[in-house]
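Q: I have a structure here, written as structure tokens, and I will follow up with some questions on it.
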Amino acid sequence: MNTTLWYEAPASSFCDALPVGNGSLGAVVYGGVPEECMSLNLDTLWSGTGRRMEQKIAKHVLEDVKKQCAQEHYFEAQNLIERKMLGQYNESYMPLGSFRYHYYGIENVENYRRELDLEEAVVRTEFTCAGRQYQSEVFVSNPDHAMVVHLVSETKMKIDFWLESKLQTISTIQRENSQMISGNAPSHVDPNYVESENPIVYMHQELGMPFCCQMHVDTVDGDVSCVDGKIQVRDAREIRILITAADGYRKGSYDMDPSIEHCFASCEQYMNRVKSRTYQQIRSTHRKDYQALFERSRFQLETEGREEIPLNQRLKRIKRGETDLGLYCLYYHFNRYLLISSSRPGSQPANLQGIWSESTRPVWSSNWTININTEMNYWPAGICNLSECFEPLLCMLEEMSEAGKETAKNYFHCRGWVANHNVDIWRQTEPVAGLAKYAYWPMGGVWLSAQIFDYYKYTGNRNLLKNRIYPVMSGAARFCLDWLEEGEDGKYRTPLSTSPENTFLDEAGRECAVSAGSTMDLALIKELFQNLSLAAEVLEIQDDIVEEVRKVWIKLPEYQIGQYGQIQEWEKDFPEQDPGHRHFSGVVGFHPGTTINPYDTPELVEGVRRFIERRLQYGGGHIGWSCAWLINLCARLGDGNSALFFLANLLKKSSYDNLFDLHPPLGESKGEREVFQIDGNFGAASGIASMLLRSCYGMIELLPALPDAWKSGRMEGLLAEGGVEVSIEWKDHQLVLAVLKSCVSQEIEVRCCGQKWKIHLQENEEKVIKG
């Protein structure tokens, strides 16, 4: 079924190691012998000491910049923004520590195998030494809030266990069978792309986030003692290790609890609960909880028996041009596993690296980058039938919508709430320092508000929409209504805008990022206004905001077609500094948006094609997440062969041996390095599903972008908008059958290969369509 990643040697680096997680507590397992090292993370452990005071931008400064932009002095407007209107850099996501152990007397290892079992969410390592078998199992339990390591052997083992941390460690408390490390995260960390003589700062008068990590070791047949700062087990054939962690983060607050004692108490609470249960009880509870999500969806293609080959060898083979259809299935299952493991109710949303990071100065701070990356993280949550995984994103948005009111008022002199391109644990919503082309982007909250509407679209949960999603959307719409300005032509535009991280040339040939009314601004506002209006109809709401939205909505400009037949990225058809830019911002109205679509605007869809072709002509789409966006764009265009081409490219050129997505250096600053960035994984999962199911146009379309190479197969348990679960089987490129099950009673239209069906579904009733 292609649900196992396996290898014949230990991992040599972080991006060879295998991830486990429960949404909050995460680890990567190297499988080292005789010494193992597992990197540990806790999703709320960040640098910083709380939400920092924002600066206030005088209204006359804002008006001066708007005036420069209106007079088409784009370079001057950009300089003013960078000198007077940017804020502070984000804080950074921190590593918790390492769990290490060392086997005594292990030499000449044979029959080595390490694997990540996606069915069980367990990493196993097996080997033999002197004819005796050894095995370890590692998982992180969501119900029990603990990481569990289980070691068994056919002979008596002697092993040392200990915890370490790269952070400032205050103390190590050791008892007969347990160890606890505690300390503080840095008070501040400069982003990795900023040159700094002292980038990691610990201030004794203002300590960073407190944390603690506890390890408990027990055995039924051996002896446990403390030796040289480690827990040593002797003469044991079976050993259980439990690890819990806590920090000073206070949910729903922009501050932290500085008390290390509260961290100790939380750790002890988790530990006392879990250690009273047997290993099998903990494992069984973990399995049941995890499989309730993972088992919903399965993907199977005609395979060529490649599961018996180690994954690193399979990747090498496809890079040589060989075919491995099963690898696409494995990739789909792995990427769903990553979302389950890094985004669960009660956790933080998946950040740039999910929850897995070893660096005290992670690339791009391992934050939430909301000009594409965070949104892409949640593209698969709906269609891949993991709606519960939306919950952390919605919680963060609720907190941001409160924090962002301050930014809307201080920076933009507007009502509602706003967020720019980066967010950290302290819910920073102001622009960061740096360059206008990325920092000044007040559409972050607008895009996230449109993105979270998917939570409703895929569940049909009216209470969720009314009580939580609608207030977030309404606040973002309020900001837009104040930020938009009416022009002489009666159309409303954003007075200052950027197209994320991209630039154009002004009449003097200077590189500029700032103009008025970029296409992405227009598309995101149209999408938000459309969603808000629909939500108001569903909820039977008629308030002032909805009325105002509907009046302004019809006065937003139309999309423009440029000189190359492409959707323009800016309101004017500027010459581009980088025609092959990694972002596809100009066509966000087509995907993930729907305001450009084949039914209402077919001429604009052709403009989308030309936009993509031009990007590719100049080398675009080579970065992991950018390639993943291409998969989704091609799937929505109905071009399955192109979608598969980019999916193959993602595996060949932008994937590590553990299938983590690879982001190469951009060549824009010193010290850049290749890095794991999880959005490519999540975008790829969405893309695979979208090749087989489309439901964004008010109907369910089966096999809308089936590639020629996927001749026969089966996809179980995708989710269509409206809460309809869909399983599809096809043979020789023709539908064999589809099974549909709805969470509510409704009428639906289904299309496939030129055929149409009108179906009435009762709640939880299954209907079968035969091809």
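Taken in order, the sequence shown gives residues 3 to 773; the numbers are from the working numbering.
Ideal Cβ positions, reconstructed from N, Cα and C, are used throughout, including at glycine.
(1) Classify Pro212 as helix, strand or coil using the three-state DSSP reduction.
(2) Threshold first: 3 residues or longer. Then list the beta strand (DSSP E) segments lying entirely within the segment 393-468, N to C.
(3) In or out: Met87 buried (at least 16 other Cβ within 10 Å) or exposed?
(4) Does Arg429 pass the burial test, meaning 16 or more other C-beta atoms within 10 Å, or should it be called exposed?
(5) Using 8 Å for Cβ pairs, my map puts Thr46 next to Asp249. What's the rounded Cβ distance?
(6) Can you give me the C-alpha to C-alpha distance between Asp223 and Glu122, rounded to a whole angstrom?
(7) For Met701, which beta-bridge partners are listed by DSSP?
(8) Would DSSP call Gln748 helix, strand or coil?
(9) In the DSSP assignment, what residue or residues form a beta bridge with Gln176?
(10) Measuring straight from C-alpha to C-alpha, what distance separates Gln207 and Gln90?
(11) Considering only the beta carbon of each residue, do Leu341 and Ala383 sit closer than 8 Å?
(12) My parser needs the alpha helix (DSSP H) runs of 4 or more residues fully inside the segment 470-495; what are they?
(13) Between Val22 and Glu529, what straight-line distance do the alpha-carbon atoms span, to the nearest angstrom?
(14) Taking 8 Å as the cut-off, does the segment 496-512 touch the segment 438-449 (at least 3 CB pairs, one atom from each stretch)?
(15) For the segment 307-394, list the alpha helix (DSSP H) runs that are entirely contained and at least 4 residues long, ordered along the chain.
(16) State the DSSP-derived secondary structure class of Val555, mapped to helix, strand or coil.
(17) When you compare the segment 466-484 with the segment 405-418, are there three or more beta-carbon pairs, one atom per stretch, that lie closer than 8 Å?
(18) Which residue marks the beginning of the alpha helix (DSSP H) containing Val276, and which one marks its end?
(19) Whole angstroms are fine: how far does the CA of Asp641 sit from the CA of Arg298?
(20) Using CA atoms only, rank isn't needed, just tell me which of Leu763, Gly621 and Leu737 is closest to Gly773.
(21) Relative to the alpha-carbon of His288, which residue among Asn463, Asp119, Asn24 and Asn186 has its alpha-carbon at the smallest distance?
(22) Would you call the segment 517-536 and the segment 90-105 in contact, with 3 or more CB pairs under 8 Å?
(23) What are the partner residues of Val229, as DSSP defines its beta bridges?
(24) Buried or exposed, going by whether 16 or more other CB atoms sit within 10 Å of the CB of Met205?
(25) At what residues does the alpha helix (DSSP H) containing Glu78 begin and finish?
(26) Indicate whether the contact test is met: 3 or more Cβ pairs, each with one atom in the segment 278-286 and one in the segment 678-698, closer than 8 Å.
(27) Let me know if Lys321 comes out buried or exposed under the rule of 16 or more other beta-carbons within 10 Å of its beta-carbon.
(28) Tyr251: buried (16+ other C-beta within 10 angstroms of its C-beta) or exposed?
(29) State buried or exposed for His62, treating a residue as buried only when at least 16 other CB atoms are found within 10 Å of its CB.
(30) Let me know the secondary structure DSSP gives Thr287 once reduced to three states.
(31) Would you grab the beta carbon distance between Gly609 and Gln568 for me? Rounded to a whole angstrom, and I think it's under 8 Å.
(32) Sorted by chain position, which residues of the same chain lie with C-beta nearer than 7 Å to Pro667's C-beta, five sequence neighbours on each side aside?
(33) Just checking, does the segment 368-376 make contact with the segment 147-159 on the three C-beta pairs under 8 Å criterion?
(34) DSSP three-state call for Thr521: helix, strand or coil?
(35) Need the endpoints of the beta strand (DSSP E) that Gln302 sits in, please.
(36) Of all the options Met701, Ala711 and Trp712, which has the alpha carbon lying nearest to the alpha carbon of Ile750?
A: This is what the structure gives:
(1) strand
(2) none
(3) buried
(4) buried
(5) 6 Å
(6) 27 Å
(7) None; Met701 has no bridge partner.
(8) strand
(9) Gln181
(10) 21 Å
(11) yes
(12) 472-485
(13) 36 Å
(14) yes
(15) 313-321, 327-344, 375-379 and 381-385
(16) Note that residue 555 corresponds to Trp in the displayed sequence, not to Val. Helix, per DSSP.
(17) yes
(18) Ile262 to Lys277
(19) 27 Å
(20) Leu737
(21) Asn24
(22) no
(23) Lys232
(24) exposed
(25) Tyr76 to Lys86
(26) no
(27) exposed
(28) buried
(29) exposed
(30) helix
(31) 6 Å
(32) Glu674, Arg675 and Glu676
(33) no
(34) helix
(35) Arg300 to Leu303
(36) Met701
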